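2 protein chains.
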Amino acid sequence: MDEFHVPADEIQTRINRLQKKMQDNNLDGMLIVQRVDLFYFSGTAQNGLLYVPAEGDPILFIKKYMPRALKESSIKEIVDLRSIRDIPAIIMDFYGYLPESLGLEFDVLPVSDFNFYQTVLKAKRYLDGSTFILETRMIKSAWEIEQMEKTAEISGKTFEYMRSVIRPGLTEMELAGLSETFARRLGHGAYLNARNYQTRAYPWHILSGKNGGMVGFLDAPASGAGTSVAFPSGAGNKQLLAGEPVMVDLGTVLNGYHTDETRMFAIGNMPDRAMKACQASIEIHDKVLEHVKPGVVVSELFNLSVSEAGALGYAREYLGPEGYKVTFIGHGIGLELTEHPVIARDRDYVLEPGMIFSLEPKMVFENEFSAGIESVFLVTETGYRMISRVPVEIFIC
Amino acid sequence: MDEFHVPADEIQTRINRLQKKMQDNNLDGMLIVQRVDLFYFSGTAQNGLLYVPAEGDPILFIKKYMPRALKESSIKEIVDLRSIRDIPAIIMDFYGYLPESLGLEFDVLPVSDFNFYQTVLKAKRYLDGSTFILETRMIKSAWEIEQMEKTAEISGKTFEYMRSVIRPGLTEMELAGLSETFARRLGHGAYLNARNYQTRAYPWHILSGKNGGMVGFLDAPASGAGTSVAFPSGAGNKQLLAGEPVMVDLGTVLNGYHTDETRMFAIGNMPDRAMKACQASIEIHDKVLEHVKPGVVVSELFNLSVSEAGALGYAREYLGPEGYKVTFIGHGIGLELTEHPVIARDRDYVLEPGMIFSLEPKMVFENEFSAGIESVFLVTETGYRMISRVPVEIFIC
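Protein chains in written order, with this note's numbering: chain A, 1 to 397; chain B, 398 to 794.
Put into structure tokens, the structure is as follows:
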């Protein structure tokens, strides 16, 4: 594998887009600390902070480890930081003034860190800057689209590989292990980034037979069994059986860019009722895609999918059992597994070229099985393009 | 594997111990939201919040999913929660009063969540309750010690398995995949819990040859290469070679309880210089253990290890290269990979029976290799007991 770096012009464009939003919202400066955001705006995921003024060049403060940060980042001003307390003096030196209003990532920054920052950073007002960051990251560049296509290639090969290794007697977790080992050989980074502190993202959401019918704490139609009450979601220790529907929902990551894809598998044969539900999921999926193009409000896509599921006779099972239905059918994806825009009932994001999202119409037959599909799509100037390379079919192995 | 549950008397004892600390610190109530803390104090990791008053029974609020929470938790009062806004009224109903001072987990709770909680929870004062939680969790019960011994058994078998599969040409990541697949078959849950929002814990810290000599952003002697600049630590895509030192640092988790263990491997033979460094690490490790018993301040253990490393001629390499040395030699471990007490230069925790910690004296030969060892120990009434089952030796395969 070639050495991977984020190009300097990518970084500059991202900073410019963020600064535009800051100017429009009268924010004087942003201090970016979360590791994925830092990587997005600086090209390095070393331990540090990025100060972005509303205008002018940013400063990258590196706590550890300077030699790697210098090699990885195209930011011009990179400073070796001994203490967070030194930041205001360095900003003052460089720009001649301190920001009155300072944006921080309130959606991830813990209260205790914020309390400490407030004692040392000397801004007059602290504001939540996370939306500006997330809305900048929401629109992918041509270079980013290329990265996601490379991830999709690995994921496509991994699904093919699973066809050859799936067999009765493997546990869900073991099947996950085999497929991850295969994907890692191709560059899969194994760790999925989740933004929310309560979310534990993992690439092993494999729910076989009745485990697919288990609702749980996840904001997903089904949670599965998990390995224990301490981790009650995703693949568990149940062995796969021939003739049961197996939902395989895989996250794959290459150079920080994720894909998230689901296919239904069965060993030998898929029971008729499950087969029909799987096919209906694909019909819903195709119906939604007919409407994907710039200008469409994401909630319309959600509503459309619900109508279609109803028309096909799956109102009861669609998106989970009554009382526990999820209110989304997909989500933006990129450097984190779940990004803006979430394709949800209560979201008014309007599709724009460069958005990349997963589409995942799923059904839960409680205590019986799950059915569904998930692929990743790019919004283009005129419609959409499929980023995923996995065939849109039911995998009977 | 048997169905795993946290016994009711465990939960009651934990609540009692937390309440004692709350009473000693004049805290009227705690609202526990972080998923691992919630699991520790309630026995369920479903989506919810636990309210613990300074005296009396707690209330478990469940957002999703009630049927599993009811089955998993021994908390008597479990309430189906529609909205966080309903919490004060439910507390008022149950206890007849609202807490004036309310503890929250400031070390993990994001600012935006806290801002929202403040608008609805109606306490007069909000305080950081995380230390009370972490210091309760720091002392393990006999039942918890048993759980960690079960995890250690799986880890021990996994290290043995690695002896048989390690071979030249495997990438670091692929070796990690093979060992994780093996461990998952035995119940390994694969996901390691890290508390800090900036920490991405993973079970594949395998650093071969010169990758072991790579310092990086991690608060660890060496970070390794990682798979890309987007994830610049841990195993990477480098192929293993015969005759190079390979540091294998594995995290294993069963039913939520972690182990963290390191052994040095070499295929064929270990170079003499590396072999001597590995042996010296074991000598430092043994020297520290001679002093492990109740009443000892953890910083003394740290200082002792530094003296011993110096006496053995490894002052330069011990704990990382000059300017980048870490200031700890181990850490508490349990439901999270890193817990109290950290065995660090600047910590004054006094060892108590029931503390469980990893001990990891490590050395970095910059740009060449890492050497070291790590096992997990329990502090007993009179000294210590090794929880780890991995032989204390250098694995020449």
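Don't be surprised by glycine CBs; every beta carbon is placed ideally from N, CA and C. Quantities reported herein were computed from a predicted structural model and do not represent experimental measurements.
8 Å is my cut-off, CB to CB: does histidine 285 of chain A come that close to chain B?
Taking a beta-carbon distance threshold of 8 Å, histidine 285 of chain A does not count as an interface residue toward chain B.
For histidine 285 of chain A, the first and last residue of its enclosing alpha helix (DSSP H):
272-289
Where does the unbroken beta strand (DSSP E) through glutamate 502 of chain B begin, and where does it stop?
Per DSSP, glutamate 502 of chain B belongs to no beta strand (DSSP E) and is neither H nor E.
From arginine 195 of chain A to glutamate 687 of chain B, what distance separates their C-alpha atoms?
43 Å
Which residues DSSP lists as bridging proline 110 of chain A, in chain order
B:Pro507
Grab the span of the beta strand (DSSP E) containing glycine 648 of chain B for me, first residue to last.
Start and end: 643-651.
Among the candidates B:Phe766, B:Cys794, B:Phe529, B:Ser630, whose CA atom is the shortest distance from the CA of glutamate 370 of chain B?
Past the edges of chain B, shown from 398 to 794, lies residue 370 of chain B, and the structure says nothing about it.
Which same chain residues, not among the five before or five after phenylalanine 4 of chain A, have their C-beta less than 8 Å away from its C-beta?
Asn255
Nearest neighbour of proline 668 of chain B, chosen from B:Ile730, B:Ile793, B:Thr735 [CA to CA]:
B:Ile793
Quick one, are the C-beta atoms of leucine 250 of chain A and serine 179 of chain A less than 8 Å apart?
Cβ atoms of leucine 250 of chain A and serine 179 of chain A: closer than 8 Å.
Does the distance from the C-beta atom of valine 829 of chain B to that of glycine 727 of chain B stay below 8 Å?
Not covered by the structure: residue 829 of chain B. The range shown for chain B is 398 to 794.
Segments of 4+ residues assigned as alpha helix (DSSP H) that fall wholly inside the stretch 398-475 of chain B:
405-421, 432-439, 463-469
What did DSSP end up calling arginine 137 of chain A once you bin it into helix, strand or coil?
helix
Where does proline 738 of chain B sit, in a helix, a strand or coil, going by DSSP?
strand
Just by C-beta distance, which residues in the stretch 498-521 of chain B are closer than 8 Å to chain A?
Leu501, Phe503, Asp504, Val505, Leu506, Pro507, Val508, Ser509, Phe511, Asn512
Among the residues of its own chain, which have a CB less than 7 Å from the CB of threonine 262 of chain A, if the five just before and after it don't count?
If we look at threonine 262 of chain A and ignore the five residues flanking it on each side, its Cβ neighbours are Met247, Val248, Asp249, Glu360, Gly372, Ile373, Glu374.
Beta bridge counterpart(s) of valine 694 of chain B as assigned by DSSP
B:Val747
Would you mind telling me which residues of chain B sit closer than 9 Å to glutamate 72 of chain A, beta carbon to beta carbon, in chain order?
Correct list: Val626, Pro629.
Taking 8 Å as the threshold (beta carbon to beta carbon), is methionine 570 of chain B in contact with chain A?
yes
Kindly indicate which residue of A:Leu18, A:Leu301, A:Asp28, A:Ala54 has the alpha-carbon position closest to the one of phenylalanine 328 of chain A.
Comparing Cα positions, the closest option is A:Leu301.
So if DSSP puts phenylalanine 725 of chain B in a beta bridge, which residue, or which two residues, is it bridged to?
Bridge partners of phenylalanine 725 of chain B according to DSSP: B:Ala741.
Can you have a look at tyrosine 97 of chain A and say buried or exposed, based on whether 16 or more other CB atoms are within 10 angstroms of its CB?
exposed
Against chain A, does leucine 457 of chain B count as a neighbour if the rule is that its beta carbon must be under 8 Å from one of theirs?
no
Using Cβ-Cβ distances below 8 Å, what residues of the stretch 756-769 of chain B are close to chain A?
none
Nearest-angstrom Cα separation, counted from glycine 729 of chain B out to threonine 735 of chain B:
6 Å
Do you know how far the Cα of threonine 596 of chain B is from the Cα of glutamate 393 of chain A?
Between glutamate 393 of chain A and threonine 596 of chain B, the C-alpha separation is close to 38 Å.
When you check each C-beta in the stretch 534-565 of chain B against every C-beta of chain A, which residues fall closer than 9 Å?
none
Starting from leucine 775 of chain B, follow its DSSP beta bridges and name the residues at the other end.
Looking at the DSSP assignment, leucine 775 of chain B forms a beta bridge with B:Ile753, B:Arg782.
Using a Cβ-Cβ distance cut-off of 8 Å, determine whether threonine 131 of chain A contacts chain B.
For threonine 131 of chain A, no CB of chain B lies under 8 Å from its own CB, so it is not counted at the interface with that chain.
Are the C-beta of tyrosine 721 of chain B and some C-beta of chain A separated by less than 8 Å?
yes
Identify the continuous alpha helix (DSSP H) that holds threonine 151 of chain A and give its terminal residues.
142-165
Under the three-state reduction of DSSP, which class applies to lysine 362 of chain A: helix, strand or coil?
strand
Residue closest to glycine 566 of chain B, alpha-carbon to alpha-carbon, out of B:Glu705, B:Glu641, B:Val773:
B:Glu641
Along the beta strand (DSSP E) that carries threonine 659 of chain B, what are the first and last residues, could you check?
654-663
Rounding to the nearest angstrom, what Cα-Cα distance links phenylalanine 377 of chain A and glycine 156 of chain A in this structure?
Between phenylalanine 377 of chain A and glycine 156 of chain A, the C-alpha separation is close to 14 Å.
Please return the same chain residues whose Cβ sits closer than 6 Å to the Cβ of tyrosine 324 of chain A, not counting the five positions on each side in sequence.
Only Val215 meet the Cβ criterion.
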